[in-house]
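Numbering (the working numbering), first residue to last: 1486 to 1827.
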(Lines of atoms letter the chains of each structure in order from A and count residues from 1; the text may use other names and numbers.)
(Lines give C-alpha, C1' and ligand atoms only; values in the text may rest on other atoms or scores of the structure.)
Protein backbone atom coordinates (compact mmCIF):
# COMPACT_ATOMS: atom_id res chain seq x y z
CA UNK A 1 0.00 0.00 0.00
CA UNK A 2 1.10 3.57 -0.68
CA UNK A 3 2.37 5.73 2.15
CA UNK A 4 1.35 8.92 0.32
CA UNK A 5 -1.08 11.02 2.42
CA UNK A 6 -3.02 14.01 1.09
CA UNK A 7 -4.63 16.36 3.61
CA UNK A 8 -6.92 19.21 2.63
CA UNK A 9 -6.78 22.08 5.11
CA UNK A 10 -10.42 21.81 6.26
CA UNK A 11 -10.34 18.01 6.34
CA UNK A 12 -7.24 17.91 8.54
CA UNK A 13 -8.63 20.61 10.84
CA UNK A 14 -11.78 18.53 11.41
CA UNK A 15 -9.77 15.38 12.15
CA UNK A 16 -7.60 17.24 14.66
CA UNK A 17 -10.70 18.72 16.31
CA UNK A 18 -12.28 15.26 16.59
CA UNK A 19 -9.12 13.87 18.23
CA UNK A 20 -8.64 16.79 20.63
CA UNK A 21 -10.97 15.57 23.44
CA UNK A 22 -8.97 12.31 23.63
CA UNK A 23 -5.43 13.68 23.26
CA UNK A 24 -5.86 17.04 25.07
CA UNK A 25 -3.38 19.04 22.96
CA UNK A 26 -3.14 20.03 19.29
CA UNK A 27 0.29 18.37 19.07
CA UNK A 28 -1.04 15.12 20.54
CA UNK A 29 -4.00 15.16 18.15
CA UNK A 30 -1.75 15.72 15.13
CA UNK A 31 0.44 12.77 16.11
CA UNK A 32 -2.67 10.61 16.58
CA UNK A 33 -3.89 11.47 13.07
CA UNK A 34 -0.49 10.56 11.60
CA UNK A 35 -0.42 7.31 13.57
CA UNK A 36 -3.82 6.43 12.12
CA UNK A 37 -2.53 7.03 8.59
CA UNK A 38 0.52 4.84 9.25
CA UNK A 39 -1.71 2.03 10.54
CA UNK A 40 -3.94 2.33 7.49
CA UNK A 41 -1.20 2.21 4.85
CA UNK A 42 1.61 0.45 6.70
CA UNK A 43 4.04 3.27 5.96
CA UNK A 44 4.32 7.03 5.63
CA UNK A 45 6.45 8.22 2.70
CA UNK A 46 5.12 11.73 2.01
CA UNK A 47 2.50 14.08 3.46
CA UNK A 48 0.91 16.72 1.26
CA UNK A 49 -0.91 19.62 2.95
CA UNK A 50 -3.25 21.49 0.63
CA UNK A 51 -4.01 25.04 1.77
CA UNK A 52 -7.43 26.25 0.67
CA UNK A 53 -7.00 30.02 0.88
CA UNK A 54 -8.70 31.93 -1.97
CA UNK A 55 -6.68 31.54 -5.17
CA UNK A 56 -5.80 34.36 -7.55
CA UNK A 57 -6.03 31.94 -10.48
CA UNK A 58 -8.86 29.92 -12.00
CA UNK A 59 -6.97 27.16 -13.81
CA UNK A 60 -8.96 25.23 -16.39
CA UNK A 61 -7.77 21.93 -14.91
CA UNK A 62 -8.75 22.78 -11.31
CA UNK A 63 -12.02 21.71 -9.72
CA UNK A 64 -12.43 24.78 -7.51
CA UNK A 65 -13.17 27.51 -10.10
CA UNK A 66 -16.22 25.54 -11.19
CA UNK A 67 -17.58 25.68 -7.65
CA UNK A 68 -16.16 28.90 -6.25
CA UNK A 69 -19.20 31.10 -6.90
CA UNK A 70 -21.81 28.54 -5.85
CA UNK A 71 -23.46 27.55 -2.60
CA UNK A 72 -22.05 26.12 -0.37
CA UNK A 73 -18.55 27.05 -1.60
CA UNK A 74 -19.08 30.78 -1.00
CA UNK A 75 -20.05 30.09 2.60
CA UNK A 76 -17.17 27.66 3.15
CA UNK A 77 -14.66 30.14 1.72
CA UNK A 78 -16.07 32.87 3.95
CA UNK A 79 -15.82 30.69 7.05
CA UNK A 80 -12.26 29.67 6.19
CA UNK A 81 -11.23 33.28 5.65
CA UNK A 82 -12.78 34.29 8.97
CA UNK A 83 -11.06 31.45 10.81
CA UNK A 84 -7.73 32.54 9.29
CA UNK A 85 -8.32 36.13 10.43
CA UNK A 86 -9.05 34.92 13.97
CA UNK A 87 -6.11 32.52 14.04
CA UNK A 88 -8.39 29.48 14.38
CA UNK A 89 -7.10 27.77 11.24
CA UNK A 90 -4.31 25.17 11.00
CA UNK A 91 -1.62 27.83 11.11
CA UNK A 92 -2.98 29.99 13.91
CA UNK A 93 -3.95 27.01 16.07
CA UNK A 94 -0.40 25.64 16.02
CA UNK A 95 -1.40 22.52 14.04
CA UNK A 96 1.02 23.27 11.19
CA UNK A 97 3.95 23.67 13.61
CA UNK A 98 2.91 20.43 15.33
CA UNK A 99 2.76 18.64 11.98
CA UNK A 100 6.26 19.87 11.11
CA UNK A 101 7.54 18.62 14.48
CA UNK A 102 5.86 15.23 14.15
CA UNK A 103 7.24 14.56 10.65
CA UNK A 104 10.75 15.73 11.60
CA UNK A 105 10.73 13.41 14.63
CA UNK A 106 9.90 10.29 12.60
CA UNK A 107 12.71 7.96 11.60
CA UNK A 108 13.31 8.12 8.72
CA UNK A 109 12.09 11.70 8.35
CA UNK A 110 8.98 12.08 6.17
CA UNK A 111 8.88 14.99 3.71
CA UNK A 112 6.10 17.58 3.98
CA UNK A 113 4.82 19.02 0.70
CA UNK A 114 3.02 22.35 1.04
CA UNK A 115 0.61 22.87 -1.84
CA UNK A 116 -2.79 24.39 -2.59
CA UNK A 117 -4.17 27.68 -3.83
CA UNK A 118 -0.83 29.49 -3.96
CA UNK A 119 0.31 29.22 -0.36
CA UNK A 120 2.77 32.08 -1.05
CA UNK A 121 -0.26 34.38 -0.88
CA UNK A 122 -1.85 32.80 2.18
CA UNK A 123 -3.12 35.48 4.61
CA UNK A 124 -0.99 33.90 7.37
CA UNK A 125 2.14 33.41 5.29
CA UNK A 126 4.50 34.87 7.94
CA UNK A 127 3.32 32.24 10.44
CA UNK A 128 3.65 29.49 7.82
CA UNK A 129 7.26 30.48 7.20
CA UNK A 130 7.96 30.69 10.93
CA UNK A 131 6.58 27.15 11.39
CA UNK A 132 8.80 25.84 8.59
CA UNK A 133 11.90 27.65 9.87
CA UNK A 134 11.71 26.44 13.46
CA UNK A 135 12.83 22.90 12.55
CA UNK A 136 15.88 23.05 10.25
CA UNK A 137 15.86 19.25 10.02
CA UNK A 138 12.45 19.16 8.29
CA UNK A 139 12.31 17.80 4.74
CA UNK A 140 10.26 20.32 2.73
CA UNK A 141 8.80 20.42 -0.75
CA UNK A 142 6.77 23.39 -1.97
CA UNK A 143 4.40 23.49 -4.91
CA UNK A 144 1.59 25.58 -6.32
CA UNK A 145 1.30 28.61 -8.60
CA UNK A 146 4.09 30.10 -6.44
CA UNK A 147 3.67 33.57 -7.96
CA UNK A 148 4.72 35.08 -4.63
CA UNK A 149 8.29 34.22 -5.63
CA UNK A 150 8.17 37.17 -7.99
CA UNK A 151 9.28 38.93 -4.78
CA UNK A 152 13.08 38.60 -4.44
CA UNK A 153 12.84 39.02 -0.64
CA UNK A 154 10.40 36.13 -0.20
CA UNK A 155 12.44 33.97 -2.57
CA UNK A 156 15.63 34.50 -0.58
CA UNK A 157 13.90 33.74 2.73
CA UNK A 158 12.38 30.49 1.44
CA UNK A 159 15.59 29.46 -0.32
CA UNK A 160 17.36 29.67 3.03
CA UNK A 161 15.22 26.86 4.52
CA UNK A 162 17.79 24.11 5.27
CA UNK A 163 15.49 21.18 4.49
CA UNK A 164 14.09 22.54 1.22
CA UNK A 165 14.32 19.85 -1.46
CA UNK A 166 12.54 21.58 -4.35
CA UNK A 167 9.95 24.12 -5.42
CA UNK A 168 7.40 23.11 -8.06
CA UNK A 169 5.13 25.28 -10.15
CA UNK A 170 3.16 25.09 -13.40
CA UNK A 171 3.87 26.65 -16.77
CA UNK A 172 1.11 25.85 -19.25
CA UNK A 173 2.63 27.58 -22.26
CA UNK A 174 5.63 29.61 -23.34
CA UNK A 175 3.07 31.89 -25.02
CA UNK A 176 1.94 34.47 -22.45
CA UNK A 177 -1.62 34.85 -23.77
CA UNK A 178 -2.15 31.08 -23.89
CA UNK A 179 -0.75 30.53 -20.39
CA UNK A 180 -2.83 33.35 -18.89
CA UNK A 181 -5.99 32.02 -20.57
CA UNK A 182 -5.43 28.50 -19.21
CA UNK A 183 -4.80 29.68 -15.64
CA UNK A 184 -7.53 32.31 -15.77
CA UNK A 185 -5.36 35.22 -14.59
CA UNK A 186 -3.97 38.14 -16.62
CA UNK A 187 -0.23 38.74 -16.29
CA UNK A 188 0.31 35.38 -14.52
CA UNK A 189 2.86 34.40 -17.19
CA UNK A 190 4.99 37.49 -16.55
CA UNK A 191 4.82 36.96 -12.78
CA UNK A 192 5.78 33.31 -13.15
CA UNK A 193 8.81 34.09 -15.32
CA UNK A 194 9.95 36.65 -12.74
CA UNK A 195 9.50 34.00 -10.03
CA UNK A 196 11.55 31.50 -12.05
CA UNK A 197 14.33 34.04 -12.53
CA UNK A 198 14.41 34.72 -8.77
CA UNK A 199 14.44 31.01 -7.94
CA UNK A 200 17.25 30.30 -10.43
CA UNK A 201 19.28 33.11 -8.87
CA UNK A 202 19.09 31.35 -5.49
CA UNK A 203 19.92 27.97 -7.09
CA UNK A 204 16.87 26.31 -5.55
CA UNK A 205 15.95 23.08 -7.42
CA UNK A 206 12.91 23.89 -9.59
CA UNK A 207 10.38 21.37 -10.88
CA UNK A 208 8.08 22.66 -13.59
CA UNK A 209 4.82 20.97 -14.52
CA UNK A 210 2.78 21.16 -17.69
CA UNK A 211 -0.73 19.83 -17.09
CA UNK A 212 -1.78 18.07 -20.28
CA UNK A 213 -5.03 19.83 -21.02
CA UNK A 214 -6.21 19.94 -24.61
CA UNK A 215 -5.38 23.62 -24.95
CA UNK A 216 -1.85 23.10 -23.61
CA UNK A 217 -1.14 20.79 -26.56
CA UNK A 218 -1.45 23.72 -29.00
CA UNK A 219 1.88 25.17 -27.92
CA UNK A 220 3.47 22.14 -26.24
CA UNK A 221 6.37 21.79 -28.74
CA UNK A 222 7.25 25.48 -28.33
CA UNK A 223 6.92 25.24 -24.54
CA UNK A 224 9.29 22.27 -24.43
CA UNK A 225 11.85 24.16 -26.55
CA UNK A 226 11.45 27.24 -24.33
CA UNK A 227 12.18 25.27 -21.16
CA UNK A 228 14.97 23.20 -22.70
CA UNK A 229 16.78 26.36 -23.81
CA UNK A 230 16.61 27.64 -20.23
CA UNK A 231 17.72 24.30 -18.80
CA UNK A 232 14.56 23.96 -16.75
CA UNK A 233 13.47 20.34 -16.17
CA UNK A 234 9.78 19.56 -16.30
CA UNK A 235 7.17 16.91 -15.72
CA UNK A 236 4.20 16.31 -18.00
CA UNK A 237 1.13 15.58 -15.85
CA UNK A 238 -2.03 13.96 -17.15
CA UNK A 239 -5.26 15.83 -16.49
CA UNK A 240 -7.16 13.42 -14.23
CA UNK A 241 -10.57 14.90 -13.39
CA UNK A 242 -12.16 14.88 -9.99
CA UNK A 243 -15.38 12.87 -9.94
CA UNK A 244 -17.43 16.06 -9.55
CA UNK A 245 -16.12 17.46 -12.84
CA UNK A 246 -17.57 14.78 -15.09
CA UNK A 247 -15.99 14.15 -18.49
CA UNK A 248 -14.69 17.76 -18.81
CA UNK A 249 -14.93 17.62 -22.59
CA UNK A 250 -13.23 20.95 -23.16
CA UNK A 251 -10.18 20.08 -21.04
CA UNK A 252 -9.34 16.43 -21.63
CA UNK A 253 -6.41 15.97 -24.01
CA UNK A 254 -6.97 13.26 -26.67
CA UNK A 255 -4.08 10.83 -26.59
CA UNK A 256 -3.51 10.95 -30.36
CA UNK A 257 -3.22 14.77 -30.20
CA UNK A 258 -0.73 14.46 -27.33
CA UNK A 259 1.39 12.01 -29.28
CA UNK A 260 1.42 14.24 -32.37
CA UNK A 261 2.35 17.30 -30.29
CA UNK A 262 5.31 15.46 -28.73
CA UNK A 263 6.41 14.16 -32.12
CA UNK A 264 6.52 17.77 -33.39
CA UNK A 265 8.89 18.82 -30.60
CA UNK A 266 12.63 18.86 -31.37
CA UNK A 267 14.43 15.80 -30.00
CA UNK A 268 16.65 17.94 -27.75
CA UNK A 269 13.52 19.53 -26.24
CA UNK A 270 12.22 16.11 -25.21
CA UNK A 271 15.38 15.77 -23.14
CA UNK A 272 14.04 18.40 -20.71
CA UNK A 273 11.20 16.05 -19.73
CA UNK A 274 12.04 14.21 -16.51
CA UNK A 275 8.77 12.33 -16.10
CA UNK A 276 5.39 11.78 -17.74
CA UNK A 277 2.81 11.13 -15.04
CA UNK A 278 -0.47 9.28 -15.51
CA UNK A 279 -0.26 8.87 -19.29
CA UNK A 280 -0.43 5.51 -21.14
CA UNK A 281 2.78 4.48 -22.97
CA UNK A 282 0.93 4.50 -26.29
CA UNK A 283 0.42 8.28 -26.02
CA UNK A 284 4.12 9.22 -26.13
CA UNK A 285 7.05 8.61 -28.50
CA UNK A 286 9.22 5.61 -27.67
CA UNK A 287 12.07 7.64 -26.04
CA UNK A 288 9.66 8.91 -23.35
CA UNK A 289 8.10 5.57 -22.40
CA UNK A 290 10.79 4.80 -19.82
CA UNK A 291 9.93 8.11 -18.10
CA UNK A 292 6.27 7.26 -17.49
CA UNK A 293 5.17 7.16 -13.85
CA UNK A 294 1.74 6.39 -12.35
CA UNK A 295 -0.31 9.20 -10.85
CA UNK A 296 -1.01 9.28 -7.12
CA UNK A 297 -4.46 7.87 -6.37
CA UNK A 298 -6.45 10.26 -4.21
CA UNK A 299 -9.94 10.10 -2.82
CA UNK A 300 -12.31 11.98 -5.09
CA UNK A 301 -10.31 11.27 -8.25
CA UNK A 302 -11.85 9.40 -11.14
CA UNK A 303 -10.90 5.75 -11.34
CA UNK A 304 -8.89 4.46 -14.29
CA UNK A 305 -10.08 2.21 -17.07
CA UNK A 306 -8.69 0.37 -20.09
CA UNK A 307 -10.03 0.26 -23.64
CA UNK A 308 -11.32 -2.87 -25.30
CA UNK A 309 -8.10 -3.41 -27.24
CA UNK A 310 -5.75 -2.91 -24.30
CA UNK A 311 -5.67 -6.61 -23.39
CA UNK A 312 -3.29 -7.29 -26.28
CA UNK A 313 -0.94 -4.38 -25.45
CA UNK A 314 2.65 -5.17 -24.45
CA UNK A 315 2.43 -2.44 -21.79
CA UNK A 316 -0.70 -3.76 -20.07
CA UNK A 317 1.17 -5.00 -16.99
CA UNK A 318 2.43 -1.54 -16.02
CA UNK A 319 0.11 0.88 -17.85
CA UNK A 320 -2.08 3.06 -15.62
CA UNK A 321 -4.93 3.30 -18.14
CA UNK A 322 -6.98 6.49 -18.57
CA UNK A 323 -9.50 8.29 -16.34
CA UNK A 324 -13.04 6.96 -16.55
CA UNK A 325 -14.18 10.30 -17.98
CA UNK A 326 -11.82 9.88 -20.93
CA UNK A 327 -13.67 6.81 -22.20
CA UNK A 328 -17.01 8.57 -21.64
CA UNK A 329 -15.91 11.66 -23.54
CA UNK A 330 -13.58 10.28 -26.21
CA UNK A 331 -13.98 6.52 -26.24
CA UNK A 332 -10.74 4.66 -26.94
CA UNK A 333 -9.40 7.44 -29.16
CA UNK A 334 -5.60 7.27 -29.35
CA UNK A 335 -5.37 4.09 -27.24
CA UNK A 336 -3.33 1.95 -29.59
CA UNK A 337 -2.04 -1.42 -28.31
CA UNK A 338 1.75 -1.61 -28.48
CA UNK A 339 3.50 -4.62 -29.95
CA UNK A 340 6.56 -3.82 -27.86
CA UNK A 341 7.53 -1.44 -25.07
CA UNK A 342 11.04 -0.90 -26.50
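Glycine is no exception: its CB is placed at the ideal position from the N, C-alpha and C atoms.
Since the structure is predicted, the reported quantities are computational estimates derived from the model, not experimental observations.
Item: Inter-residue Cα distance where the pair is residue 1758 and residue 1720; Value: 6 Å
Item: Distance between residue 1639 and residue 1675 (C-alpha atoms, nearest Å); Value: 17 Å
Item: Spatial neighbours of residue 1498 in its chain, beta-carbon cut-off 6 Å, leaving aside the 5 residues before and after; Value: 1575
Item: Sheet register partners of residue 1535 (DSSP bridge); Value: 1493, 1600
Item: Terminal residues of the alpha helix (DSSP H) in which residue 1640 lies; Value: 1637 to 1644
Item: Nearest to residue 1616 (by Cα), restricted to the options 1521, 1492, 1529, 1577; Value: 1577
Item: Continuous alpha helix (DSSP H) stretch holding residue 1691: start and end; Value: First-last for residue 1691: 1691 to 1697, but that is the beta strand (DSSP E), not the alpha helix (DSSP H).
Item: Alpha carbon of residue 1641 to alpha carbon of residue 1680, nearest angstrom; Value: 11 Å
Item: Extent of the continuous beta strand (DSSP E) to which residue 1650 belongs; Value: 1649 to 1655
Item: Status (buried if at least 16 other CB within 10 Å, exposed otherwise) for residue 1827; Value: exposed
Item: Collapsed DSSP secondary structure at residue 1734 in the structure displayed; Value: coil
Item: 7 Å Cβ shell around residue 1780 - same chain, five flanking residues per side excluded; Value: 1723, 1725, 1762, 1763, 1805
Item: Reduced DSSP category for residue 1672 - H, G, I as helix; E, B as strand; rest coil; Value: coil
Item: Pairwise C-alpha distance: residue 1742 and residue 1823; Value: 17 Å
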